[in-house]
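Structure first, commentary second.
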Amino acid sequence: MTFSQWKLFCSRNRWLLLLLAAAFAVRLGVALPGILEDPAARFSRPDTPGYLEPARALAAEGTPLSAGRAPGFPLFAALVFRCFGVEAYGALAVLLVLVNTATLIPVWLAGREAGSSTAGVIAAALLGLNLTMTAQAPMFLSDTLAAFFAAWQFYFFVRFWKRREMWSFPVMIAVAALGALIRPINSAWIWPALFLLAVLPELPWRRKLALGAVSLAVFGAILFPRMAHNAVRGAGFCIDTNTGAMYHQNGAMLLAKVNGTDYEAEKQKILAELDREFADKERYPDEKSRVDYRLKRFKELILAHPFAWFPQHLQWRILLPDAPTFLEILGATTSDRGTMNVLQAQGVWAAVRFYFDGKLYLLWLLAPLLAVTGILYLAAFGLLASWFWRWKSKWYAIFVFLAFAEYYFFLPGPITAPRYQLPALPILTLMAAFGLIQGWDWVKRRRKER
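Going by full-length UniProt numbering, the sequence shown opens with residue 1, and the numbers climb by one from there.
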């Protein structure tokens, strides 16, 4: 690219470049105290060792990744450790901040494809200033990487939807499959995608069938090697074996609700049961047999209590801004104090008071970012409400929302965390952008009428 071409590019995309620079500066500024002090401790959570220990072993000794976790994030971390050293936690945090910031690009592009460059800029700004997105940027978890792929997944769908560009759909499916190798929650997303293809208006059925067949082949081709590799190693035909943890996590939450007991108590009962069961090495000689047992027991719980299980997946708390992580990486608060138990037993406000332990003034320091989140939700769900009001003309947009947002809200189940909202933010920010534009147009019309 020549200097004149680069100058033209910067001129045409100056708002995006400014947003990227501002978002990166904010994220890096928040993460910098932890990077300089102790990134391994500041950016870790209980799940972190399951990602970083295999990554370090792969980078240092070439040890193959285990079946315990999906391979995407450990491979990314292993590449960083290979380039910068197996203790390069600061470098890993900075690169995660870069990836997190780059997520603004497909959101901006999706706005342009949807017909409004202004909407793209507003959506990117809402994402750039999103409290949860900013807090999760340097964390040693798979969520930032998953959100990056989810944003490109959404962009290619918008491109397919608006242009009827056939190649965009299987590319979207390929991105979704790569996302499943980062977070297996994406492994079932093929079905909402195929549903959106099947009901898309003004597309011949022959093309729909051909695209569906190609997409299934692409999806399977990307996931099959990992699943076959795990099967050969005795872990079962799966992306990872962590899905078995649903029994002692979500299952314990279900039993706590049914029995009116404490979640931790039910969890310890299940773990004790598993220890007794798996002591029989003949019946459970490998990881596959143990995962199969846990999933079987979890399915039995669901079938026994379906009317208690389903509402547990409609958790509005997944939308809460991740102020705790934001403050923890700044060193203002600490985690692992039993806040989850207080939340389940006494509600959100009690959990907030318990967590902040008399330091509620910290919330006022977050007021600007909390305000951005509030605007995002009001505008996005206001637009969604208008879609339901005009459902005869907006029914397909509602299905798109369900596939790209509600899917990610529903699947985590009762054990929710704000970071689980990240894959849904691309569509929510774009919806909010269009909602704000429509609201402003309405205000201008009212002024002219007066």
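Cβ atoms here follow ideal geometry from the backbone N, Cα and C, with glycine treated the same way. Remember, predicted model here, so these are calculated numbers, not experimental data.
Residue i classed as buried or exposed, judged by whether at least 16 other C-beta atoms fall within 10 angstroms
i	result
residue 142	buried
residue 206	exposed
residue 237	exposed
residue 111	buried
residue 299	exposed
residue 401	buried
residue 130	buried
residue 373	buried
residue 440	exposed
residue 166	exposed
residue 24	buried
Terminal residues of the alpha helix (DSSP H) in which residue i lies
i	result
residue 277	263 to 278
residue 243	It is not in any alpha helix (DSSP H) - residue 243 carries neither H nor E in the DSSP assignment.
residue 482	The chain is shown from 1 up to 450; residue 482 falls before or after that span and cannot be answered.
residue 107	104 to 113
residue 220	205 to 232
residue 328	323 to 329
residue 300	287 to 304
residue 143	143 to 163
residue 386	367 to 389
residue 250	250 to 259
residue 35	14 to 37
residue 437	425 to 449
residue 134	131 to 136
residue 117	117 to 128
residue 73	72 to 84
residue 168	168 to 180
residue 56	48 to 61
9 Å Cβ cutoff met for residue i and residue j
i	j	result
residue 252	residue 269	yes
residue 80	residue 144	no
residue 427	residue 404	yes
residue 283	residue 71	no
residue 200	residue 161	yes
residue 113	residue 69	no
residue 195	residue 399	yes
residue 287	residue 235	yes
residue 222	residue 254	no
residue 193	residue 215	yes
residue 26	residue 134	yes
residue 229	residue 258	no
residue 43	residue 102	no
residue 231	residue 212	no
residue 146	residue 423	yes
residue 397	residue 435	no
residue 386	residue 394	yes
residue 132	residue 418	yes
Anticipated Cβ contact below 8 Å, residue i with residue j, distance rounded
i	j	result
residue 168	residue 156	5 Å
residue 33	residue 330	6 Å
residue 247	residue 294	4 Å
residue 219	residue 190	5 Å
residue 55	residue 78	4 Å
residue 136	residue 325	7 Å
residue 18	residue 124	Residue 18 to residue 124, Cβ: 10 Å. No contact.
residue 327	residue 421	Incorrect: roughly 18 Å between the Cβ atoms, too far for contact.
residue 90	residue 49	The pair is not a contact, with the Cβ atoms about 18 Å apart (cut-off 8 Å).
residue 432	residue 376	5 Å
residue 121	residue 15	5 Å
residue 107	residue 127	5 Å
Residue i beta carbon near the ligand ADP (any heavy atom closer than 8 Å)
i	result
residue 13	The ligand content of the structure shown is nil, which means the ligand ADP is not present either.
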